[in-house]
Amino acid sequence: MKLTLNWLNEFLEPKINERELLDLLEKKGIEVVNFYDYLRDFSYYLLATIIEKKENETVL
Numbered sequence: 180m181k182l183t184l185n186w187l188n189e190f191l192e193p194k195i196n197e198r199e200l201l202d203l204l205e206k207k208g209i210e211v212v213n214f215y216d217y218l219r220d221f222s223y224y225l226l227a228t229i230i231e232k233k234e235n236e237t238v239l
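The opening position of the sequence shown corresponds to residue 180 in the numbering used here, with each subsequent residue numbered one higher.
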């Protein structure tokens with residue numbers, strides 16, 4: 180579990196701890212039930228954000 184969080188944190192700038200990351204997700208409306216649910220939901224959130232950004236870039 181710690182390795183996974185550290186791996187995820189490699190992509191975040193500035194670095195944040197697990198509690199801060201969980202707080203951020205909860206502020207975004209992602210309910211955190213357990214660590215694996217949180218990773219899944221965070222992955223979906225990141226994917227949706229990337230897709231939205233790409234769609235906005237392609238609009239002329």
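Ideal placement from N, C-alpha and C gives every residue a C-beta, glycine not left out.
**K206, enclosing alpha helix (DSSP H) - first and last residue** = E197 to K206
**Message:** So, for I229: in the same chain, excluding its five sequence neighbours on each side, which residues have a beta-carbon less than 8 angstroms away from its beta-carbon?
**Reply:** none
**Request:** Report yes if the C-beta distance between Y224 and L204 is below 9 angstroms; otherwise report no.
**Result:** Yes, Cβ-Cβ distance for Y224 and L204 is below 9 angstroms.
**Nearest-angstrom Cα separation, counted from N235 out to R219** = 24 angstroms
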